[in-house]
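Enquirer: Mind looking over this structure? Questions follow.
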Ligand SMILES: [Zn+2]
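In our numbering, the protein residues as written are -11 to 290.
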């Protein structure tokens, strides 16, 4: 496996509780309804939720009219950048005329704030490589899920990410799984659709693999990891487009887990844009007003 990373030459990671370096693992599960997670046998996700902070209603679109569809491009762009689509201008999966150069991902922001940081993204969706992470050398594009299928793609991502997280001094990583969305389109986005919940359980096994890699790191006892899990949209029937008025589509979820988290239900309304800002808060990167981000840090101890 090749993870292209900038050599760590300068400062150490910012120190967290008890002086431990702060790190982030962001797991993205495409088209994953939380009611289906709860209905499934997804033990790793349920353990993260039980021991962490949870929002079962995370808005993927935001209150403003932005013109964005309830689709993958806008959903992940919001979570990764902390801004809504009227700013990053990813309105659909074409990424046409996007403005991600003005709204980089939290991984890129972290690199800007701390050039010595090691960050990585393990993905199978080609637009991540082509549009979202294309300005940096650290995107690990495992294979093209649209061409190879996301079932095999997710498996490769899981093993690639586990290897990278176990053996590399990563500070922040995005790990993306896409087969839940494929299963929803094929068999229905619904807790009672067995192949959909089976796909969630398969991803859950990969989440377990990645978590085991993190927790098995030699330095894990002296690190302060924040694990974030969310989705980009839900689904209804066999689709998720044009879901502004469909709660099953525009309502995602947010799970936060780690020593820096206030465990329990997150009382405030959460939004996908909160993901990037929460990650930056944990990593000790102050959000500048001129970045014009829409998200807020949620679920973390003060
Ligand atoms: Zn999606």
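For glycine and all other residues, C-beta sits at the position ideal for the given N, C-alpha and C.
Let me check you understand the geometry: is the CB of residue 57 closer than 6 Å to at least one non-hydrogen atom of ligand 1?
Expert: False, no ligand heavy atom lies under 6 Å from that Cβ.
Enquirer: Is the closest heavy atom of ligand 1 to the C-beta of residue 168 under 6 Å?
Expert: No - ligand 1 has no heavy atom lying nearer than 6 Å to the Cβ of residue 168.
Enquirer: Skipping 5 residues on each side, what residues in its chain have a beta carbon closer than 6 Å to that of residue 211?
Expert: Excluding sequence neighbours, residue 211 sits near 8, 9 and 11.
Enquirer: Taking 6 Å as the cut-off, is the C-beta of residue 134 nearer than that to any heavy atom in ligand 1?
Expert: No - ligand 1 has no heavy atom lying nearer than 6 Å to the Cβ of residue 134.
Enquirer: Hey, quick one: how far does the alpha helix (DSSP H) through residue 64 stretch, first residue to last?
Expert: Segment 60 to 69, the alpha helix (DSSP H) holding residue 64.
Enquirer: Could you tell me the alpha carbon to alpha carbon distance between residue 192 and residue 139, rounded to whole angstroms?
Expert: Approximately 13 Å, taken between the alpha carbons.
Enquirer: Just to confirm the assignment, what range does the beta strand (DSSP E) spanning residue 47 have?
Expert: Run containing residue 47: 41 to 47, per the beta strand (DSSP E) assignment.
Enquirer: For residue 24 versus residue 235, is the C-beta spacing smaller than 7 Å?
Expert: Cβ atoms of residue 24 and residue 235: not closer than 7 Å.
Enquirer: Can you give me the C-alpha to C-alpha distance between residue 176 and residue 136, rounded to a whole angstrom?
Expert: Each residue's alpha carbon lies about 21 Å from the other.
Enquirer: Identify whether residue 127 lies in helix, strand or coil by the three-state DSSP scheme.
Expert: Note: residue 127 maps to strand in three-state DSSP.
Enquirer: Using 6 Å as the cut-off, classify the Cβ of residue 19 as near or not near the heavy atoms of ligand 1, replying yes or no.
Expert: Under cutoff, so the answer is yes.
Enquirer: Taking residue 268 as the reference, give the member of 157, 156 and 288 with the closest Cα.
Expert: For residue 268, the nearest C-alpha among the options comes from 288.
Enquirer: Could you work out which residue in 115, 153, 203 and 99 is closest to residue 80 when comparing CA atoms only?
Expert: Nearest of 115, 153, 203 and 99 to residue 80, Cα basis: 115.
Enquirer: Give the DSSP-derived three-state secondary structure of residue 162 in the structure shown.
Expert: Strand.
Enquirer: CA-CA distance, residue 148 and residue 129?
Expert: When rounded, the distance between both Cα atoms is 10 Å.
Enquirer: Shortest alpha-carbon distance to residue 98 belongs to which of 119, 170, 75 and 70?
Expert: Taking only the C-alpha atoms, the option nearest residue 98 is 70.
Enquirer: For residue 60, is the beta carbon positioned less than 6 Å from some heavy atom of ligand 1?
Expert: Within the cutoff, so yes.
Enquirer: Using a Cβ-based criterion (distance less than 6 Å to any ligand heavy atom), does residue 157 qualify as near ligand 1?
Expert: Checking the Cβ of residue 157 against ligand 1 gives no.
Enquirer: Compare the beta carbon distance of residue 17 and residue 185 with 7 Å and say whether it is the shorter of the two.
Expert: For residue 17 and residue 185, no; Cβs fall outside 7 Å.
Enquirer: Report all residues from its chain with a CB closer than 7 Å to the CB of residue 270; omit the five preceding and five following residues, and keep chain order.
Expert: The residues are 10, 12, 214, 248 and 288.
Enquirer: So, helix, strand or coil for residue 258, using DSSP?
Expert: Here residue 258 sits in strand by DSSP.
Enquirer: Should residue 283 go down as buried or exposed, given a rule of 16 or more other Cβ atoms within 10 Å for buried?
Expert: So residue 283 counts as buried.
Enquirer: With a threshold of 8 Å, are at least 3 pairs of Cβ atoms found where one atom belongs to the segment 193 to 202 and the other to the segment 252 to 266?
Expert: Flag = no, the segment 193 to 202 and the segment 252 to 266 do not touch.
Enquirer: Go to residue 297, then tell me how far its beta strand (DSSP E) extends in each direction, as first and last residue.
Expert: The structure shown has nothing for residue 297, since the chain only spans -11 to 290.
Enquirer: For residue 164 versus residue 111, is the C-beta spacing smaller than 7 Å?
Expert: Contact: yes.
Enquirer: Is any heavy atom in ligand 1 found nearer than 6 Å to the beta carbon of residue 142?
Expert: No, since every heavy atom of ligand 1 falls outside the 6 Å radius drawn around the Cβ of residue 142.
Enquirer: Could you check whether residue 73 and residue 58 sit closer than 7 Å to each other, using their CB atoms as the reference points?
Expert: It is not a contact, given that the beta carbons lie outside the stated cut-off.
Enquirer: With 7 Å set as the bound, which would you pick, yes or no: does the beta-carbon of residue 151 sit closer than that to a beta-carbon of chain E?
Expert: The structure shown contains no chain E; it holds only a single protein chain.
Enquirer: Check whether the Cβ of residue 118 lies closer than 6 Å to any heavy atom of ligand 1, and answer yes or no.
Expert: Residue 118 Cβ: outside cutoff for every heavy atom of ligand 1.
Enquirer: Can residue 222 and residue 237 be called in contact, C-beta distance under 7 Å?
Expert: In this structure, residue 237 lies closer than 7 Å to residue 222 by Cβ.
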